[in-house]
Every structure is written in C-alpha cells, then in structure tokens.
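A short write-up of the structure that comes next.
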Amino acid sequence: MGDATLPETWREPFELAWEGFLAGCLPIGAVVRGPDGRTAAAGRNRGLDAVAPPGQLAGVHIAHAEINALAQLPIGGDHAGHVLWSTLEPCLMCRSALLHAHVGGLVYAAADGVMGGRIEQVPQVGGFIAERWVATVDGTSPAAGVPGVLGSLLMDLWREVWYPRARRDTGTRALAREAVRTLPDLRTAATLDDALPLLAPLLG
Numbered sequence: 001m002g003d004a005t006l007p008e009t010w011r012e013p014f015e016l017a018w019e020g021f022l023a024g025c026l027p028i029g030a031v032v033r034g035p036d037g038r039t040a041a042a043g044r045n046r047g048l049d050a051v052a053p054p055g056q057l058a059g060v061h062i063a064h065a066e067i068n069a070l071a072q073l074p075i076g077g078d079h080a081g082h083v084l085w086s087t088l089e090p091c092l093m094c095r096s097a098l099l100h101a102h103v104g105g106l107v108y109a110a111a112d113g114v115m116g117g118r119i120e121q122v123p124q125v126g127g128f129i130a131e132r133w134v135a136t137v138d139g140t141s142p143a144a145g146v147p148g149v150l151g152s153l154l155m156d157l158w159r160e161v162w163y164p165r166a167r168r169d170t171g172t173r174a175l176a177r178e179a180v181r182t183l184p185d186l187r188t189a190a191t192l193d194d195a196l197p198l199l200a201p202l203l204g
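FYI, UniProt numbering numbers position 53 of the sequence shown as 53, with every residue one higher than the one before it.
As structure tokens, then:
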C-alpha cells in the first residue's frame with residue numbers, strides 16, 4: 001500500500017480541494033499564509049456552487065480557488081511576506097490576481113498541463129508585469145511526493161467522476177480511471193481524511 005501521508009502545510013489546501021470535489025466543482029484549494037505561517041485567507045473553486053461565503057465568487061467561470069482566497073485580503077495591506085499555496089498551478093488570471101494583490105510568493109502542488117508551463121513566459125513582456133510578477137518559491141513547485149500526485153490526481157478524478165467526456169489529462173488520468181473502476185464511490189468520503197486511505201495505493 002502507498003504512503004498517503006500529506007505534509008501538514010498541504011492539509012488545509014487539500015481539505016478545501018476535497019470539499020470542492022464533493023460539490024462537483026474543480027477540486028482546487030488555495031490558502032494565503034502570512035510570514036508567521038498562519039492562514040490569512042482561504043478559498044476553493046466554486047464555479048458550480050450556487051452561493052459563496054461573503055467576499056467570494058460562486059456560479060461563474062472566474063470563481064477560482066486562488067481568486068476566492070486573494071479577494072479576502074484587505075486593500076492597502078502589506079502582503080509582500082505572504083505566500084499563496086494552491087493545489088494546482090494557477091492559471092493566467094490567478095497569476096495576474098497575485099500581482100495585483102501584492103502577495104510575495106507562490107507554491108503549488110501539481111503542474112497544470114493545460115497551461116503547458118507557458119505562464120512563466122509572461123514576464124518577458126517587460127514593464128510593470130515583469131517588475132511585479134510573483135515567482136514560485138525556489139524549489140517548491142510543483143511539489144514532490146504525495147502533494148504533487150494528489151493535486152494532479154484530484155483533477156483527473158473530477159473528470160472521471162463528474163465530467164467523463166473531458167479529454168484533458170493532468171498526468172494521472174489512467175490512475176483516476178482505475179480508481180473509479182475499483183474503489184468505492186469516492187463521493188461517499190465526506191472528508192479528506194476519509195478519502196486518503198482509499199487513495200493511498202495511488203499516492204505512494
């Protein structure tokens with residue numbers, strides 16, 4: 001059996017991602033942590049939710065996890081020492097939001113194959129974007145071990161369970177297909193702690 005131990009720093013983002021999976025939304029969670037490591041803001045994808053907590057978006061295409069987390073940071077605050085942790089590599093919109101939120105760093109668990117790594121070329125346009133571009137924290141992204149596999153696997157599980165006609169593959173589609181075929185219905189796992197033992201053979 002694989003080792004499904006999730007580092008504590010990744011627990012909250014993935015708890016949010018699992019909550020999103022159960023709701024039928026993209027399973028992506030994000031938290032903003034201050035210099036002391038404490039969570040300053042958190043959010044998950046709510047694209048298919050009817051309602052959202054105050055200050056967050058729901059039921060629209062741009063209700064991304066990172067946007068919902070960053071939207072909670074007060075304007076005028078000093079967030080240069082803050083870091084956004086996301087279970088999946090943020091899209092171009094979310095990377096731009098990072099820039100405008102004045103957050104100082106980024107860590108993500110799994111690479112987003114849809115973007116193909118091209119987002120990192122954006123600063124080449126120069127000017128304000130190059131000056132303010134928020135880089136990933138050195139050596140952290142994509143994450144090694146369980147966080148990296150889980151971030152990718154959740155996306156492909158979502159496709160298999162909720163949107164099987166989707167052709168995209170985050171890199172673990174075959175694993176996700178096998179999980180759906182052989183495991184109990186993952187939607188019965190009410191929490192991340194319930195889900196991890198089921199997914200353990202796929203994460204080691």
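Backbone N, C-alpha and C define an ideal beta-carbon position, used for all residues, glycine too.
Keep in mind the model is a prediction, meaning the values are calculated, not measured.
> The beta strand (DSSP E) with glutamate 106 in it runs from where to where?
Replying inline: As written in the sequence, residue 106 is leucine, which differs from the glutamate given in the question. Segment 105 to 110, the beta strand (DSSP E) holding leucine 106.
>> As an exercise, report each continuous alpha helix (DSSP H) stretch of at least 4 residues that is fully enclosed by the UniProt domain "CMP/dCMP-type deaminase" (1 to 120), in chain order.
In response: DSSP runs (the alpha helix (DSSP H)) wholly in the UniProt domain "CMP/dCMP-type deaminase" (1 to 120): 8 to 22, 65 to 70 and 92 to 101.
> Excluding the five sequence neighbours on either side, which residues of its own chain have a C-beta within less than 7 Å of the C-beta of proline 123, listed in chain order?
Replying inline: The residues are Ile129, Ala130 and Trp133.
>> How far does the alpha helix (DSSP H) with tryptophan 158 in it extend, from its first residue to its last?
In response: 146 to 162
> Span of the alpha helix (DSSP H) holding valine 137?
Replying inline: Careful: valine 137 lies outside any alpha helix (DSSP H) and carries neither H nor E.
> Beta-carbon of tryptophan 133 versus every beta-carbon of chain C: anything under 8 Å?
Replying inline: Checking the listed chains, one finds no chain C in this structure; it contains a single protein chain.
>> Determine whether the beta carbon atoms of alanine 52 and alanine 63 lie at a separation below 8 Å.
In response: yes
>> Going by DSSP, what residue range makes up the alpha helix (DSSP H) through proline 201?
In response: 192 to 203
> What residue does the alpha helix (DSSP H) around threonine 182 start on, and which one ends it?
Replying inline: 173 to 182
> With C-beta atoms as the reference, is alanine 111 less than 8 Å away from glutamate 89?
Replying inline: yes
> Based on Cα-Cα distance, which residue from Phe21, Ala109 and Ser152 lies nearest to aspartate 185?
Replying inline: Phe21
> Mind checking whether leucine 48 and glycine 29 have CB atoms under 8 Å apart?
Replying inline: No, Cβ-Cβ distance for leucine 48 and glycine 29 is not below 8 Å.
> alanine 58 and alanine 50 look like a contact to me (Cβ under 8 Å); what is the Cβ gap, rounded to whole Å?
Replying inline: The Cβ separation is near 6 Å, so the contact holds.
> Is it buried or exposed for glutamine 56, if we count other Cβ within 10 angstroms and need 16 for buried?
Replying inline: buried
>> Tell me which residues share the same chain as valine 114 and place their Cβ nearer than 7 Å to its Cβ, disregarding the 5 neighbours each side in the sequence.
In response: Arg168
>> Cutting at 8 Å between CB atoms, please list the residues of its own chain near leucine 98, excluding the five before and the five after it.
In response: Glu66, Leu70, Leu84, Pro90, Leu106 and Val134
>> Given this structure, state the Cα-to-Cα distance separating glycine 148 from isoleucine 75, to the nearest angstrom.
In response: 32 Å
> How is proline 123 classed by DSSP in three states: helix, strand or coil?
Replying inline: In the three-state scheme derived from DSSP, where H, G and I count as helix and E and B as strand, proline 123 is classed as helix.
>> Can you check which of these residues, Gly127, Tyr108, Asp194 and Arg165, is closest to alanine 144 by C-alpha distance?
In response: Tyr108
>> Can you list, in chain order, the residues of its chain with a C-beta nearer than 7 Å to that of isoleucine 171? Leave out the 5 residues immediately preceding and following it.
In response: Inspection of the sequence shows that residue 171 is occupied by glycine rather than by isoleucine. Correct list, in chain order: Gly113 and Ser152.
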